[in-house]
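> To convert, note that position 49 of the sequence shown is 49 in the UniProt record's numbering; the numbers rise steadily by one, no gaps. Each residue gets a CB set at the ideal place from its N, CA and C atoms; glycine is no exception.
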Amino acid sequence: MAERALDRIDVRPAYTVEDAAAYEARFAGVPAPEMLRTLLTGELHGGIAAVSSFGTESAVLLHMVASADPATPVVFTDTLKMFPETLSYRDTLVERLGLLDVRVIQPDPALLAARDPDGIRHSYDPDGCCDLRKVEPLARGLAPFEAWISGRKGFQAGTRRALPRFEVENGRLKLNPLADWNKAALDGYFTAHDLPRHPLEAQGYLSIGCAPCTSKVKPGEDPRAGRWRGFDKVECGIHRPMEAAPPP
Ligand code: SF4
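(1) Who's in the neighbourhood of the ligand SF4, going by beta-carbon under 6 Å from any heavy atom, listed in chain order?
(2) Using beta-carbon positions only, say whether residue 208 and residue 51 come within less than 8 Å of one another.
(3) Helix, strand or coil for residue 20, going by three-state DSSP, please let me know.
(4) Could you pull out every residue in the same chain whose Cβ sits closer than 6 Å to the Cβ of residue 65, ignoring the five residues on either side in sequence?
(5) Under 8 Å by Cβ, that's how I've got residue 68 and residue 96 pegged, so tell me the actual separation to the nearest angstrom.
(6) Taking the alpha-carbon positions, what's the residue 167 to residue 45 distance?
(7) Assuming residue 89 and residue 54 make a contact with CB atoms under 8 Å, what is their CB distance in whole Å?
(8) What are the residues that DSSP puts in a beta bridge with residue 169?
(9) Mapping DSSP to helix, strand and coil, what is residue 49?
(10) Could you check which residue in 218, 165, 56 and 215 has the C-alpha nearest to that of residue 29?
(11) Can you list, in chain order, the residues of its chain with a C-beta nearer than 7 Å to that of residue 227? Leave out the 5 residues immediately preceding and following it.
(12) In three-state terms, what does DSSP make of residue 197?
(13) Opposite residue 82 in the DSSP bridges: which residues?
(14) Does the Cβ of residue 48 have 16 or more other Cβ atoms within 10 Å, making it buried, or fewer, making it exposed?
(15) To the nearest angstrom, how far is the alpha carbon of residue 219 from that of residue 191?
(16) Quick one, are the C-beta atoms of residue 261 and residue 133 less than 8 Å apart?
(17) By the DSSP assignment, the alpha helix (DSSP H) with residue 60 in it spans what residues?
(18) For residue 269, count neighbouring Cβ atoms within 10 angstroms of its own Cβ and tell me buried if that reaches 16, exposed if not.
(19) Leaving out five residues on either side along the sequence, give the residues of the same chain with a beta carbon under 6 Å from the beta carbon of residue 17.
(20) To which residues of the same chain is residue 129 closer than 6 Å at the C-beta, ignoring the five residues directly before and after it?
(21) I think residue 203 touches residue 216, with their Cβ atoms under 8 Å apart; what is that distance to the nearest whole Å?
(22) How would you label residue 147, buried or exposed, when you count the other beta carbons within 10 angstroms and need 16 or more for buried?
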C-alpha cells in the first residue's frame, strides 16, 4: 500500500531578528520615503499594513505610505475613547492623502461588557484598559499581515531613544521608518507637503491618545509626558518599553 503523505504545517515565524538586522543594514542611510517605496511596491507588497493613531505627527508617515502605494492597508484602532477631533482629523487625512484601505478596528463588545461595563477601567487599571481597547483589537487587525509599519520616533520619550528602524515581534516584521526623525524634520515635512495639523496640537497636546489619558504637555517636558499622567506607564502595550540608550 502506498505510504500516506503527511501534511505539515509550517509554524516557523515569518521573520527573525537576523532578517531585521539584514534590513537595517540594507537600508542604512536610505531616506524613509525611498525605503518605504521600495518595500511597499516590492517584496512586502500585500503582506504589510501601516498602523496609525491619527495623532499629531501621523500625517508624515501616512503621506509617505500614500505616496508609495495608496492601497496599502492602514489599521486604525478606535478605542471608543478617542477625541472627536481625532476622528474628524482621520477623515480629513484619508480624503486628503487618498488612502484607499483604512480599516477601523474596535474593541470586542463582549469583552467590553465583561471587563469595562462602566467605561472607567482607564481610571484604576490603565494596563487592563489598553489590553482591552488597543492590544486585542490591534492583534485582530494585524492578523492578516506578516509585517507592519509604526510611526514611533526615537525623540518622543527617553524610553524610545534606542529605537531601530526594523524590529521583529512575535515573528512579525515591524518597521519604524521615522525612528531617527526629530521634531524639526517632521515639521519640515509638514511644511514641504502642506499637510494639515491635528486640531488639538495648537492647544498644547503634543502626543495624542485616548481622551481620558491625554493631557497637555508643559514646556521642557518630553512630548509624551502628557500620556497617562499620574501613572507609571509609558506605552500602551502595543509597543514594548525599550531601555533608554546609555549616556554617551
Ligand atoms: S489610553 Fe486610556 S482610555 Fe485608551 S485604552 Fe489605554 S487606558 Fe484605556
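A quick look at the data gives this:
(1) 79, 81, 122, 126, 129, 130, 133, 134, 209, 210, 212, 213 and 236
(2) no
(3) helix
(4) 50 and 72
(5) With a Cβ gap of about 16 Å, residue 68 and residue 96 do not count as contacting.
(6) 18 Å
(7) 6 Å
(8) 172
(9) strand
(10) 165
(11) 207, 209, 213 and 214
(12) coil
(13) 210
(14) buried
(15) 23 Å
(16) No answer is possible for residue 261: it lies beyond the span of the chain, which begins at 1 and ends at 248.
(17) 58-68
(18) With the chain running from 1 to 248 in the structure shown, residue 269 is simply not present.
(19) 168
(20) 121 and 122
(21) 7 Å
(22) buried
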